[in-house]
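Data first, discussion second: the structure below is written as structure tokens.
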Amino acid sequence: MTGIEERLRDALAAKAGTVHDDGRPRALPAPPPRPAFARRWAPAAVAVAIVVVVAATFVATRSVSPLPAVRPTPYVGPFAPPVEQVWPDAVHEIPTTAPGKRAFKPDVFVSARVVVGRGLTRNRSDGIWSYDLDRRRFTRIATLVNRFITNEPVVFGDGYVAWSALRDRKLEIWAVPVTGGVPRRLAAVPATITSDNEIIGAHGLAVADGAVVWSPEEGGVYRLPLKGGTPTLISGTRGFYLVEWPWAGQPRADRAVDHPIPRPMEHLRNVLTGQTRAVTPPAGRTSWAACGVTWCADNVEAWKRDGTGRRALPGQAGGDLYSGRYVLLHQRDATGAGAAAVHDVATGRTGLLFRTPTRRGDKAPPTLHLQQGMFWYQTGRGTQVLIRLVR
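Shown next, in the form of structure tokens:
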């Protein structure tokens, strides 16, 4: 057993008699007060060497999901086959640098063969670029005049790419056609700044139905047409947070503890049709997990939002869902060796990313970046591997 696993075991044991069945380890620091969705403007990276402890410290930091009331036997078995064998059309190796020797940070696939991201000079974003996988060519979409862009990924929809920026204590929303042009600032609204100077901006930023949509820290889903105007609150969304357009969620409240605990989106509402969906835990289940529109997952299990389809995960997960159906797993085999893998809870398929260190002297793994729509890491050979997560 590694030191990391021993710390995890001790934390779980210490927590067992001190909480009201919320599954949150007391040995780990409690999060500052914020809704379940709250995001930190921090680099989108996680060292997979510590994936056993927390596999969800990434660009869109969400929560440390509660553990189940009854844990299945931890998975020990053969590693999954390489991810490129499981999803050959989803794995791509591209250069790490765009023209001008600027770093290229991938953000979003705008098609199966084109990825869009940011060019960085001296770690500052200076442009939006696309990379064509077939032509193996970069194209500049826009030059960034305002370099105060956040670390949140650029998003795509309706032929536009959009992003958020922070300047003068305001959250700015920018957009430009994916075919190229001059970026346009669509909105500048007050940003939330916490007592410890943490800046909270837009949650769930998306482009859909001719508009940009997002949720601020205080909740509600706001819409702003791409042609400009004033952001408007969509009727019936107060207290809800955008999960995946057009679905917004309301987190489960828990007053049984003395500090805020991130909770999954218990109630969903389609902001276009008014349709609602609640979450139903499987029989015998008392704890909760991260839930998307269709699937829920925690550290060791996954199930559908209606409580059906419960299944054990082939490894230890962070409990967070990406693109509504994927989790990052840490696997162990009978020899004690470890590996990082991506698992699709909808199909049950798992692909190995790379081995992770379990003994002193083991080679350090690459830094794995986790975000909606994509996992990626650099190879150290001037290239980076992208794994497209298809919804």
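In numbering that gives the first Met the number 0, the protein residues as written are 0 to 390. Glycine included, every Cβ here is placed at the ideal spot set by N, Cα and C.
query: What residue does the beta strand (DSSP E) around E300 start on, and which one ends it?; result: E300 to K303
query: Just confirm the distance between the C-beta atoms of A141 and V109, as a whole number of angstroms; I'd bet it's less than 8 Å.; result: The pair is not a contact, with the Cβ atoms about 14 Å apart (cut-off 8 Å).
query: Using alpha carbons as the reference points, say which of G227, D131, W213 and K226 lies closest to F239.; result: W213
query: So, helix, strand or coil for L27, using DSSP?; result: Note that L27 scores 33 on pLDDT, short of 50, meaning its location in the model is unreliable; the coordinates nonetheless yield the value given after this. Coil, per DSSP.
query: Run the CB neighbour count on L232, radius 10 Å, all protein chains shown included, and call it buried at 16 or more, exposed below.; result: exposed
query: Give every residue of the same chain whose Cβ lies closer than 6 Å to the Cβ of A161, excluding the five residues on either side of it in the sequence, and list them in chain order.; result: V154, A174, V206 and V211
query: Measure the C-alpha to C-alpha separation of R380 and K169 and round it to an integer number of angstroms.; result: 39 Å
query: Quick one: is V220 buried, meaning 16 or more other Cβ sit within 10 Å of its Cβ, or exposed?; result: buried
query: For a quick check, are the C-beta atoms of P365 and F374 less than 8 Å apart?; result: no
query: Tell me which residue opens and which closes the beta strand (DSSP E) that Q330 is part of.; result: Y325 to R331
query: On a Cα-Cα basis, can you pick out the residue from T355, G360, R390 and K362 that is closest to G372?; result: R390
query: Does DSSP classify Q377 as helix, strand or coil?; result: strand
query: Please state if the CB of P281 and the CB of G306 are separated by a distance shorter than 8 Å.; result: yes
query: Would you kindly report the start and end of the unbroken alpha helix (DSSP H) that includes V85?; result: V82 to V85
query: Can you tell me whether P98 is helix, strand or coil according to DSSP?; result: helix
query: What is the C-beta distance between G200 and P224, in whole angstroms, given that I count them as a contact (C-beta under 8 Å)?; result: About 20 Å separates the two Cβ atoms, so there is no contact after all.
query: From L267, L271 and G273, pick the residue whose C-alpha is nearest to that of C295; which is it?; result: L267
query: Could you tell me if A277 is buried or exposed, where buried requires 16 or more neighbouring beta carbons within 10 angstroms of its beta carbon?; result: exposed
query: Exposed or buried, K104, counting other C-beta atoms within 10 Å across all chains shown (16 or more means buried)?; result: buried
query: Below 8 Å between beta carbons: does that hold for I386 and V341?; result: yes
query: At 3 residues or longer, what runs of the beta strand (DSSP E) sit wholly inside the segment 228–255?; result: 240–243 and 246–250
query: Which of helix, strand or coil does DSSP assign to V75?; result: coil
query: Just the C-alpha distance for A247 and R135, rounded to the nearest angstrom, thanks.; result: 38 Å
query: For S62 and A289, what's the separation of their Cα atoms in angstroms?; result: Bear in mind that the predicted position of S62 carries a pLDDT of just 33, short of 50, making it too unreliable to give a figure here.
query: What three-state label does DSSP hand D157 in the structure shown?; result: coil
query: Give the range of the beta strand (DSSP E) segment to which T131 is assigned.; result: The question names Thr, but residue 131 is Asp in the sequence shown. Residues R123 to D131.
query: Would you mind reading off the limits of the beta strand (DSSP E) that contains I140?; result: R136 to T142
query: Can you find the residues in the same chain that come closer than 7 Å, C-beta to C-beta, to A89, ignoring five residues on each side of it along the sequence?; result: I386, R387 and V389
query: Would you say V326 and G291 are within 8 Å of each other, going by their C-beta atoms?; result: no
query: Determine the direct distance from the alpha carbon of G337 to that of H329, and round the result to whole angstroms.; result: 7 Å
query: Taking the DSSP output, what are the residues bridged to P224?; result: A210
query: Give me the Cα-Cα distance between G360 and A333, rounded to the nearest whole angstrom.; result: 20 Å
query: Output yes if chain C places a C-beta closer than 8 Å to the C-beta of V153; else output no.; result: Note that chain C does not occur in the displayed structure, where there is just one protein chain.
query: Quick check: L351 and A79, are their CB atoms within less than 8 Å of each other?; result: yes
query: Helix, strand or coil: how does DSSP classify R310 here?; result: strand
query: Whole angstroms is fine: what's the gap from L320's alpha carbon to L204's?; result: 17 Å
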